[in-house]
Amino acid sequence: MIIVPLIILIIPLIAGAFYKSIKNASVAGAILEMIMLIPLYFSLNYKGFFFITRINFIFILMVSSVYLMSLLYSRKYIEGIENRGITEKNYYLLMNFFYISMEFALMVNNYGFMWVGIETTTISSALLIITEKNDASLEATWRYIIIVSAGVTFAFISVILIYYSFHTLEVTAIIYRSSTGDLPVRLAVGIALVGFGTKVGVFPMHTWLPDAHSEGPAPVSAMFSGVLLPTALYVLYRIYEIYPMPEIFVWAGTVSVLFAALFLTYQHNYKRMFAYSTMENMNMALIGIGTGTYAGLVGSLVLLLAHSFGKAGAFYSTGEIMKISGTKDINNISGFMKNKIVSSSLLISSFAVTGTPPYGTFFGEFLILYSVITIHYYAQFIIILISIFIAFVSINLNVSKMIFKGDYKYNETNGSIIPLISGIIAIFIGIVFLVIINEIL
Amino acid sequence: MNIIYTLIYLISAVLVITGFYIQGNKYLRSMVLTLAFQSLIIAIIAFMLGMMLKNYTFIILGILVIILRVFLVTYFLIKRIPRSLSYVYEPRVSTTYLLILDLIFIIASIFIVYSISFIKIKTIIFPVKNIILFPLLLFFQGLFLIASRRRTIAQILGYVEEENSLIILGTFLLPVPIIIESSVFLDVLILVVIFSVISIEKNVHERMEELRG
Chain V
1 MIIVPLIILI IPLIAGAFYK SIKNASVAGA ILEMIMLIPL YFSLNYKGFF FITRINFIFI
61 LMVSSVYLMS LLYSRKYIEG IENRGITEKN YYLLMNFFYI SMEFALMVNN YGFMWVGIET
121 TTISSALLII TEKNDASLEA TWRYIIIVSA GVTFAFISVI LIYYSFHTLE VTAIIYRSST
181 GDLPVRLAVG IALVGFGTKV GVFPMHTWLP DAHSEGPAPV SAMFSGVLLP TALYVLYRIY
241 EIYPMPEIFV WAGTVSVLFA ALFLTYQHNY KRMFAYSTME NMNMALIGIG TGTYAGLVGS
301 LVLLLAHSFG KAGAFYSTGE IMKISGTKDI NNISGFMKNK IVSSSLLISS FAVTGTPPYG
361 TFFGEFLILY SVITIHYYAQ FIIILISIFI AFVSINLNVS KMIFKGDYKY NETNGSIIPL
421 ISGIIAIFIG IVFLVIINEI L
Chain C
442 MNIIYTLIYL ISAVLVITGF YIQGNKYLRS MVLTLAFQSL IIAIIAFMLG MMLKNYTFII
502 LGILVIILRV FLVTYFLIKR IPRSLSYVYE PRVSTTYLLI LDLIFIIASI FIVYSISFIK
562 IKTIIFPVKN IILFPLLLFF QGLFLIASRR RTIAQILGYV EEENSLIILG TFLLPVPIII
622 ESSVFLDVLI LVVIFSVISI EKNVHERMEE LRG
């Protein structure tokens, strides 16, 4: 049924039409989007202009949930910003366009339009980074635009080569056809890794990622980390399906996870720390997909699902900390134990994104490591294992310092409940996913 | 080889020369106009192929390039260059040094293109297979321009140059459906508008302490 995906894309546009009351209209639209997931589930396996499967349904669920939570969290957060680069109304308008472009890239049944969707996410989200306007956020916006656009432009060569090889760009027409792996097809898949990999955060094209995440407002960082990067990963996965090249993908992911872990060891800005954690998690998911095994794919999906809620919670928590302390420096933050809500949400989210049991990220990482072993990539297995251990220690050590060390020097003893809810969802969603996996996959 | 094909082959070489000219230039207005000329060459190639192959897709492509790239993109970029001398001219850039670096980079690019056998891809439209070397070299020149300059506008030019190279690559291999090509053009146009909005606030890009690590 083409009508359901169309309605999903139109709702935020209608919300945008109520410009005067866009703040409330956007939230109402986001709630409607969540309701629309029910009819969407019943129109799975639709193939036409859109292509809805159980796999991209999970991605759509992630995007809609984090979008709703970000809009709810934005209501107070954006009001509190003094030097705004864009008006509050334009902020909500851009958030709606950002959401539409992600959903479009996830649902469309055409590699060319997927590219357009991914490029549109850059257009719609770039100005969101300067919501809190200062010199650093302007520079971060610029780096985001120029690095990601240059990378995604490179990915267009991949689209050209797919069309050259198959004379069509329709996803369903290509992935169900067995490819012989001719030179243009192999080049298309390899170039997609570099091109779309820029948006996924594959080393060394990841450089925009810590800048944009650290300078953007907390709800936007949550959207970037929780759902934008997975959306780009989904497009990369669809191209990978044409002709799997496990060696290149698993190595690219392994090297990226290693570097992310090394970068994490010397971070003193908590937002950049969580940005590098995103790089680590996205590349773990890339490895899972790259192995080409069922366990790897399931591992990646459960990791991404739990990570989206966990990381959203982590970034909302950083928004609270920033609001209370006025600094992003880990060394200047102390004694947050006194603020029960913020410290709980930060701790829960931090565990969620570092793969602590029983979070979904733990099971996801476990399945991914298992899939790496099953295809006999022992060197990669050891590097990944060491890297995720380093990342785990680095992040949790810094978070512990912020919560348990020193005295609480601030007056505020309350905080938003949304980060806590997001973190708690991250605990359950992975387990629920694994329990009902046979029903939904 | 048909005379038109020979002509297209020669004109394509001019694309790479315009890339070198932009790289070796410090004057922003002149750089923007050279880029417009580069887009015009692409439109001419599309028209020539369209007339020869009697394929209207190339004609539409050529018209789109002229409207969106030659006029609109150039308009938005030129509008952002104030008449004061400090903006017209990009200081602290050694063009001779950059041009030599660009040449080295291009030689390395040719090596890459040949080593990954990219050049072995046969074009469906054009009878000479190594024609795709020109758009690929233009692509690398665009990348180098982004990496080598600090001014916002110079980096935008590098990005548009990259996009130009992809239009011509697609034209030589097999043009993607025009509806997708049009969406790509519009995406790029909006990005150029955003670029120019940001360039009002931030004109030069240097290292920042807040963004280290």
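Each protein sequence line maps, in turn, to chains V and C. The first sequence begins at 1 in my numbering and counts up by one. The second sequence begins at 442 in my numbering and counts up by one. Quick reminder that beta carbons are idealized off the backbone N, C-alpha and C, glycines included. Computed from a prediction, not measured in an experiment: that's the story for all the values here.
Counting C-beta pairs with one atom in each stretch, the region 185-195 of chain V and the region 48-57 of chain V have fewer than three that are closer than 8 Å, which means they do not touch. Under the 7 Å criterion on CB atoms, Gly16 of chain V is classed as non-interfacial with respect to chain C. Using a Cβ-Cβ cut-off of 7 Å, Asp329 of chain V does not count as an interface residue toward chain C, since no Cβ of chain C sits closer than that to its own. Taking 7 Å as the cut-off, the beta carbon of Ala314 of chain V is found no closer than this to the beta carbon of Ser371 of chain V. Interface flag for Ile639 of chain C against chain V is set, since a Cβ pair is found closer than 7 Å. For the options C:Ala549, C:Leu578, C:Thr564, the alpha carbon positioned closest to that of Ile458 of chain C is the one of C:Leu578. With a 10 Å radius around the Cβ and a threshold of 16 neighbouring Cβ atoms, Phe259 of chain V comes out buried. In this chain, Ile436 of chain V is not harboured by any alpha helix (DSSP H), its DSSP state being neither H nor E.
Where Glu88 of chain V is concerned, the enclosing alpha helix (DSSP H) starts and stops at 88-107. Exclusion of the five residues before and after Ile81 of chain V leaves Glu132 as the residues of its chain whose Cβ lies within less than 6 Å of its Cβ. CA-to-CA, the gap between Tyr19 of chain V and Leu607 of chain C works out to about 38 Å.
In this structure, the CA atom of Ile248 of chain V is about 29 Å from the CA atom of Phe433 of chain V. Ranked by how close their Cα comes to the Cα of Thr361 of chain V, the residues V:Ser343, V:Ile390, V:Phe392, V:Gly430 have V:Gly430 in first place. Put simply, the CB of Ala232 of chain V is far from chain C, with every gap to its CB atoms at 7 Å or more. For Gly611 of chain C, the chain V residues whose Cβ falls inside 7 Å of its Cβ are Ile160, in order along the chain. Counting only residues of its own chain and dropping the five nearest sequence neighbours on each side, Leu304 of chain V has a CB closer than 6 Å to the CB of Pro230, Ala285. Interface with chain C (7 Å Cβ-Cβ cutoff): Val202 of chain V is excluded. Apart from sequence neighbours up to five positions away, the residues of its chain that approach Ala25 of chain V with a beta-carbon distance below 7 Å are Ala15, Phe18, ordered along the chain.
For Leu652 of chain C, at least one C-beta of chain V is nearer than 7 Å to its own C-beta.
In this structure, Ile162 of chain V and Tyr111 of chain V form a Cβ contact; the two beta carbons are roughly 5 Å apart against a cut-off of 8 Å.
Contact annotation: Glu33 of chain V and Ile11 of chain V have beta-carbon atoms nearer than 7 Å.
Neighbours of Thr120 of chain V in chain C, taken as residues whose beta carbon is under 9 Å from its own, are Ser624, Asp628, Ile631 in chain order. Take Ile239 of chain V, set aside five residues on each side of it, and the residues of its chain with a beta-carbon closer than 8 Å to its own are Tyr111, Ser158, Ile162, Ala188, Val189, Ala192, Phe196, in chain order. Think of a sphere of 8 Å around the beta carbon of Asp211 of chain V: the chain C residues whose beta carbon falls inside it are Leu652, in chain order.
Contact between Ser317 of chain V and Ile403 of chain V is ruled out by a C-beta separation of about 11 Å, above the 8 Å threshold.
If you draw a straight line from the Cα of Ile388 of chain V to the Cα of Leu262 of chain V, it is about 10 Å long. One thing to note: Asn109 of chain V has its Cβ no nearer than 7 Å to the Cβ of Thr153 of chain V. With a minimum length of 4 residues, the unbroken runs of alpha helix (DSSP H) contained wholly in the region 4-57 of chain V fall at 22-42.
If you check the CB distance, Ser394 of chain V and Ala312 of chain V do not come in under 7 Å. Our two residues, Ala140 of chain V and Ser149 of chain V, have alpha carbons roughly 14 Å apart in a direct line.
Where Arg272 of chain V is concerned, the enclosing alpha helix (DSSP H) starts and stops at 270-291.
Between Gly201 of chain V and Asn269 of chain V the beta-carbon gap is near 17 Å, outside 8 Å, which marks them as no contact.
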